[in-house]
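All remarks here apply to the structure that follows.
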Amino acid sequence: MSLTSEAVRIGVAGLGRAFVLMQGAFHADPRVRLVAAAAPRAESRAAFEDQYGGAAYDSVEAMCADPEVEAVYIATPHQMHREHVEAAARHGKHVLVDKPLAVTLEDGTAMVEAAEAAGVQVIVGPSHSFDAPVRLARDIIESGEFGALRMIQAFNYTDFLYRPRRPEELRTEEGGGVLFSQAVHQVDIVRLLAGGMGRQITAMTGDWDPERPTEGAYSALIGFEGGAFATLTYSGYAHFDSDLWMGNVGELGHEKPADGYGAARRALKELDPAREAALKSTRTFGSATPLRTPEHHEHFGPVIALLDRADLRLTPDGVEIFGNETREFRAAPGTDRPRHGVLDALVDAVRHGRAPAQTARWGMASLEVCHAILRSAKDGGAPVRLEHQVKTDHGETSK
Ligand SMILES: NC(=O)c1ccc[n+]([C@@H]2O[C@H](COP(=O)([O-])OP(=O)(O)OC[C@H]3O[C@@H](n4cnc5c(N)ncnc54)[C@H](O)[C@@H]3O)[C@@H](O)[C@H]2O)c1
1 MSLTSEAVRI GVAGLGRAFV LMQGAFHADP RVRLVAAAAP RAESRAAFED QYGGAAYDSV
61 EAMCADPEVE AVYIATPHQM HREHVEAAAR HGKHVLVDKP LAVTLEDGTA MVEAAEAAGV
121 QVIVGPSHSF DAPVRLARDI IESGEFGALR MIQAFNYTDF LYRPRRPEEL RTEEGGGVLF
181 SQAVHQVDIV RLLAGGMGRQ ITAMTGDWDP ERPTEGAYSA LIGFEGGAFA TLTYSGYAHF
241 DSDLWMGNVG ELGHEKPADG YGAARRALKE LDPAREAALK STRTFGSATP LRTPEHHEHF
301 GPVIALLDRA DLRLTPDGVE IFGNETREFR AAPGTDRPRH GVLDALVDAV RHGRAPAQTA
361 RWGMASLEVC HAILRSAKDG GAPVRLEHQV KTDHGETSK
């Protein structure tokens, strides 16, 4: 077997909820193999060794030093991403770091510098900008078939704020609230479709529940280089669930159960607040029931892109094109290979030195937009200029 066709050997940093969500993708893809993990809890390490037979470490640094590990998937809490990306870079390992890149722009800058100095690839993902319908819509826009992109509307109404949380997930300055965990998906999608180069933003945010005092909602208007503009709206307080407008398919691509209404708020109401973080840990690796393969692609709520000669509606299966005189549907392939977009990017980066759009610099640009939403809202919706934007582009080849 040639080196380029060998499976990429991955070490996982953090065996929590995000890893549970990625497991199906790792299992389904013979181009990658899980060989090591790092986790503070002995039970998680034992569960990993049982299931994968690799080496489980109690520190990310030690895992990164393992010569068997080629690339590291970092799925630790946001505020640890910098330390863990820097550790991987020090050991010359490529990185897939879950979104957001970091919480502060200062950490983001340090991570970009560490990756570039070490010559390793850093991909920020998974994020919903890797979803197959988003990439199909991007290809349609880029092809010029329907003229220029003019406007995008993206919105999502969820129960995000009422799912079980670690305490810092409800403290904005530590990366809590909907901006760093949720807006970053919507920003990634919209930037990917619009070419990446946001110019300025104006926004308002909502912090409406004193029991969970952080931003739970926002609306933002972004202007892009070239004149296109986009509105982004998100509510994590929702009673109306916008998945109803996505064929009742949830974010992870599963059809939603008919009796699920109000489940998150109901479960939280019955919970002793001191036990909330413990409840979250029942959804992590070693405790959670593995997810079944989804019937559809993942999505992040309704997205509509208006071009000169067509409007595109993204669905969990592809893109519906409303042209001047005809209407058609183009399917996005690969529903049987969950999250294959992000693994395509990882394999391409590690084996062929080809970076996807979602590099560390890209992650920094999306993080900048999240901070700009907070800043604009703090100033009553004043415009904020964006300075760290990068184009939707494939990065340089490093080999
Ligand atoms: N929860 C989700 O649905 C979800 C989805 C996609 C992405 N993410 C992203 O994944 C990241 C993790 O979020 P999460 O929800 O999985 O949190 P989580 O609390 O479920 O998991 C984090 C894990 O990191 C481990 N950890 C803590 N310190 C560590 C250290 N020093 N070394 C190694 N492991 C350590 C914890 O034990 C825990 O298992 C966040 O950046 C988040 O944005 C979460």
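Residue numbers (our numbering): 1 to 399.
Glycine included, C-beta positions come from ideal geometry on N, C-alpha and C.
Since this is a predicted model, take the numbers as computed values, not measurements.
Between HIS84 and VAL69, the C-beta spacing is not below 8 Å. Exclusion of ALA65 from the 7 Å shell around ligand 1 follows from its C-beta lying no nearer than that to any non-hydrogen atom of the ligand.
When rounded, the separation of the alpha-carbon atoms in ALA89 and LEU15 is 20 Å.
Assignment of ASP311 by DSSP, reduced to helix, strand and coil, places it in the strand class. Apart from sequence neighbours up to five positions away, the residues of its chain that approach ARG135 with a beta-carbon distance below 7 Å are GLY341, ordered along the chain.
Counting of Cβ neighbours within 10 angstroms places LYS99 among the buried residues, the total reaching 16 or more. Of the candidates ALA25, VAL124, VAL8, ALA25 places its Cα closest to the Cα of GLY334. VAL35 sits in a strand when the DSSP states are folded into three classes. When the alpha-carbon of MET204 is set against those of GLN186, THR233, ASP188, HIS185, the nearest one is in THR233. Taking PHE130 as the centre and dropping the five residues before and after it, the same chain places the C-beta of GLY341, VAL342 closer than 6 Å to its C-beta, in chain order. A Cβ-Cβ separation of about 6 Å places ARG199 in contact with LEU386 under the 8 Å criterion. For PHE48, the uninterrupted alpha helix (DSSP H) run begins and ends at 42-52, by DSSP. Closer than 7 Å to some heavy atom of ligand 1: that describes the Cβ of LEU21. Beta-bridge analysis with DSSP links GLN200 to GLY223, ARG385. Classified as exposed, TYR261 has fewer than 16 neighbouring CB atoms from the shown chains inside 10 Å of its CB.
For VAL97, the closest alpha carbon among the candidates PHE285, VAL122, GLU215, GLU325 is that of VAL122.
Residue burial annotation: PHE329 is exposed, with fewer than 16 other C-beta atoms found within 10 angstroms of its C-beta. In this structure, GLY54 places its C-beta atom within 8 Å of the C-beta atom of ALA37.
For ASP98, the CB falls within less than 7 Å of some heavy atom of ligand 1.
Between GLU255 and GLY247, the alpha-carbon positions lie close to 8 Å from each other. Secondary structure at GLY262: coil, using DSSP grouped into helix, strand and coil. In this structure, the C-beta of LEU291 stays at least 7 Å away from each heavy atom of ligand 1. Note on GLU6: under 16 other CB atoms within 10 angstroms of its CB, so exposed under the neighbour-count rule. For MET111, the enclosing alpha helix (DSSP H) starts and ends at 105-118. The alpha-carbon of LYS269 is positioned some 13 Å away from that of LEU161. With fewer than 16 neighbouring CB atoms inside 10 Å of its own CB, HIS352 falls in the exposed class. Judged by the Cβ position, SER129 fails to qualify as a neighbour of ligand 1 at the 7 Å threshold, every heavy atom of the ligand being at least this far. Burial is judged here by how many other beta carbons sit within 10 angstroms of a residue's own beta carbon; THR282 has fewer than 16 and is exposed. About 7 Å separates the CB atoms of GLY125 and ALA345; that is less than 8 Å, so the two are in contact.
Going by beta carbons, GLY195 and THR392 fall inside the 8 Å limit.
By the Cβ test, the segment 215-222 is in contact with the segment 230-245, since at least three Cβ pairs between them sit closer than 8 Å. A straight line joining the alpha-carbon of VAL303 with that of ALA65 spans about 42 Å. Looking at ALA228, LEU193, ALA263, ALA238, the one whose alpha-carbon comes closest to that of GLU142 is LEU193. Placement of the Cβ of LYS256 at a distance of 7 Å or more from every heavy atom of ligand 1 is found.
Between TRP245 and HIS299, the alpha-carbon positions lie close to 12 Å from each other.
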